[in-house]
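Residue numbers (full-length UniProt numbering): 1 to 186. This report concerns only the one structure given below.
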């Protein structure tokens, strides 16, 4: 069996079967065993074989093309199935990631709300149970004042308190003197 190898315009290595008796085959068996006697072709056959395909099969060219087409289609279907599975896996991973993020966000918000509620409850408890601030009697006049008084009003109020205290002190001094006089007379 004689073959002539060459490269096609695309760069693929192709082989042509040479029949015995053709000028390219050289001296050889005039009737090789692989030659079909029913065919009356001389010289090069028109069949170009791509390297790697079984040349001894008895399939017709149409059957070979159909088989090759089926192989390509099966490979394409497998590729599409693989892509679909990868896409489904990616979507599942993304949805799981989003669910985890939402769950963490919800837990964080619940924790923050719980802390805020606890702080509020503590404040309410402290306000209910704290002792009221009582101003001692002798300082009460100086502590209690108008919430929105101006500095002038405050100065006037302090001066009035000073006058009042001065008058009280004078009255107390007079009462003491009178009591001392009464005690001396007795």
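Using N, Cα and C, we set each Cβ at its ideal position, and we do this for glycine too.
- DSSP assignment within the segment 71-147 yields the following whole alpha helix (DSSP H) runs of 4 residues or more, N-terminal first: 140-143.
- In the structure shown, the three-state DSSP call for residue 186 is coil.
- The beta-bridge partner set that DSSP reports for residue 6 consists of 14.
- In the three-state DSSP reduction, residue 149 falls in the coil class, being neither helix nor strand.
- Put simply, the backbone Cα of residue 163 is about 27 Å away from that of residue 181.
- For the pair residue 124 and residue 97, the Cα-to-Cα distance works out to about 40 Å.
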